[in-house]
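Everything in the sequence shown is counted per my numbering, starting at 1 for the first residue and increasing by one.
Where a beta carbon is used, it is the ideal one built from N, C-alpha and C, also for glycine.
Only a predicted model underlies this, so the values are computations on that prediction, with no experimental measurement involved.
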Amino acid sequence: MANKVPAFLLEKHSPARPPGGRGKMRIPFIERGIHNLASVVKTGYVQWETSSADRFFQATDARVKVLFLLFYVVIVSLKRDLLPEVLIGVFVFVLVLASRLNVFNFYKRVLFFAFLFGFLVTLPAAFNVVTGGEVIFPLYHFSAPFNFWIYPIPAEIGITREGLYSVAMVTSRMANSLALSFFVLLTTPFPEIIRALKVLRVPDALLMVIALAYKYIFVFAKTVEDMHLAKKSRLAGGISDEGARRWIAGRIAVIFRKSRLRSEEAYKAMLARGFSGDVRIHGERKLLGRDWATGIAFLAAGLLFLWI
1 MANKVPAFLL EKHSPARPPG GRGKMRIPFI ERGIHNLASV VKTGYVQWET SSADRFFQAT
61 DARVKVLFLL FYVVIVSLKR DLLPEVLIGV FVFVLVLASR LNVFNFYKRV LFFAFLFGFL
121 VTLPAAFNVV TGGEVIFPLY HFSAPFNFWI YPIPAEIGIT REGLYSVAMV TSRMANSLAL
181 SFFVLLTTPF PEIIRALKVL RVPDALLMVI ALAYKYIFVF AKTVEDMHLA KKSRLAGGIS
241 DEGARRWIAG RIAVIFRKSR LRSEEAYKAM LARGFSGDVR IHGERKLLGR DWATGIAFLA
301 AGLLFLWI
């Protein structure tokens, strides 16, 4: 019997290569962006799983956790020495271990944001041009000091001991504040956080903004991922960076219009269901003995950090 399969279907084609024909296939930046958005959705579900587990900190009442977060963030902001900041960081690390969180993923995010918004932002303060003091790392020498507009420039440019200490303080404060925030978020279901904030008399308008913004993060990530998959399913080959930039610019406009329509539809649906602007919480439970003991222990530890 004759073979009726077309010849072009029997040919073996090698994967497409970037121009030049050598090296590995280059992953476009749009693919990396979509993977990052997908990870946002995945992180949300992982947060729900870790916060619902029956472990040390997860079983504590959300009101105790929110007060713990506020109290310790204030402590981190008030301390002016590096030693208490280090001790607080060790204390949070012990809590992370006791709650059986993924230590690597937890501190990967903490250190990334602390490096970005703590270290890099305050790095210029380490130089004697900004913070005077003893120069411990000289970097450049001028023939003589001079004035640049209203700023005096010394003859020797370098990193001072006082400036380096200031950078370390700000970075440690940022790292501890982020670690405390991430720790509470990863060990507390989001509805319980809203419930605790309502009990602590946070305005209803702010609660609505927080709840809707949190929900829209996942809606936004899923919408962008669906758009990308729809675009990719219509392509026979790859897409150039220029084409990807044009596609992204168009999708930004589409998402902006969809966001406005979605917000209007959500508000009309809320009004149709009798929404009056008040956030009502049902099923409030009393604090257990374990919750009181945990709160007292955290209070005693916080007072100890304030005393150090």
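Given T122 as reference, the closest of V110, A144, R173 once Cα atoms are compared:
In terms of CA proximity to T122, R173 leads the group V110, A144, R173.
Are the beta-carbon atoms of F106 and V94 separated by less than 8 Å?
Going by C-beta atoms, F106 is not nearer than 8 Å to V94.
Less than 8 Å between the beta carbons of A125 and S166, yes or no?
Going by C-beta atoms, A125 is nearer than 8 Å to S166.
Going straight from the alpha carbon of R80 to that of W307, what length do you get?
Going by the C-alpha atoms only, they are around 12 Å apart.
Under DSSP, the alpha helix (DSSP H) around P191 begins and ends at which residues?
Where P191 is concerned, the enclosing alpha helix (DSSP H) stretches over 190-199.
Close beta carbons around V209, own chain, < 8 Å, minus the five adjacent residues each side
Here the set comprises nothing.
Does the segment 176-186 come into contact with the segment 197-205, if we say contact requires no fewer than three beta-carbon pairs (one atom in each stretch) closer than 8 Å?
Touching, no.
Using DSSP with H/G/I as helix, E/B as strand and the rest coil, what is N176?
Three-state result, N176: helix.
Validate contact between the segment 55-70 and the segment 284-295 using beta carbons, cut 8 Å, 3 pairs:
Here the segment 55-70 lies against the segment 284-295, with 3 or more beta-carbon pairs under 8 Å apart.
Under the three-state reduction of DSSP, which class applies to E85: helix, strand or coil?
When secondary structure is reduced to three states using DSSP, E85 falls in the helix class.
Could you check what DSSP says for N105 in three-state terms: helix, strand or coil?
Collapsing the DSSP output to three states places N105 in a helix.
What runs of the alpha helix (DSSP H), each 4 residues or longer, lie entirely inside the segment 247-307?
Inside the segment 247-307, DSSP marks whole alpha helix (DSSP H) runs of 4 or more residues at positions 289-307, from first to last along the chain.
If you draw a straight line from the C-alpha of F305 to the C-alpha of V74, how long is it?
Approximately 11 Å, taken between the alpha carbons.
Roughly how many angstroms lie between the CA atoms of I150 and L120, to the nearest whole one?
The straight-line gap from Cα to Cα measures roughly 25 Å.
Tell me which same chain residues have a C-beta within less than 7 Å of the C-beta of E192, skipping the five on either side of it?
The beta carbon of E192 lies closer than 7 Å to those of A62 in the same chain, with the five residues before and after it left out.
Nearest residue (CA-CA) to A59, options A293, G302, A301, K268:
A293 is the residue among A293, G302, A301, K268 whose C-alpha sits nearest the C-alpha of A59.
Going by DSSP, what residues sit across from V135 in a beta bridge?
In the DSSP output, where bridge partners are listed per residue, V135 has T160.
Nonlocal neighbours in the same chain, by C-beta distance under 8 Å from L82, ignoring five residues either side:
Sequence-distant Cβ neighbours of L82 in its own chain, meaning closer than 8 Å and more than five residues away, are Y165, A168, M169, S172.
Just to confirm, is the Cβ distance from T160 to G132 under 8 Å?
Contact flag set, yes.
For the putative contact between G302 and Y72, defined by C-beta atoms under 8 Å, what is the C-beta separation to the nearest angstrom?
Contact between G302 and Y72 holds: their C-beta atoms lie close to 6 Å from each other, under 8 Å.
What did DSSP end up calling P145 once you bin it into helix, strand or coil?
Coil, per DSSP.
Quick one: what does DSSP say F71 is sitting in, helix, strand or coil?
Here F71 carries a helix assignment [DSSP, helix/strand/coil].
Which of helix, strand or coil does DSSP assign to F127?
In the structure shown, F127 sits in a strand (DSSP, three-state: E or B).
Can you look up I217 in the DSSP assignment and give me helix, strand or coil?
Reduced to three states, the DSSP call for I217 is helix.
Run the CB neighbour count on F91, radius 10 Å, all protein chains shown included, and call it buried at 16 or more, exposed below.
In the assembly as shown, F91 is a buried residue. Its beta-carbon has 16 or more other beta-carbons within 10 Å.
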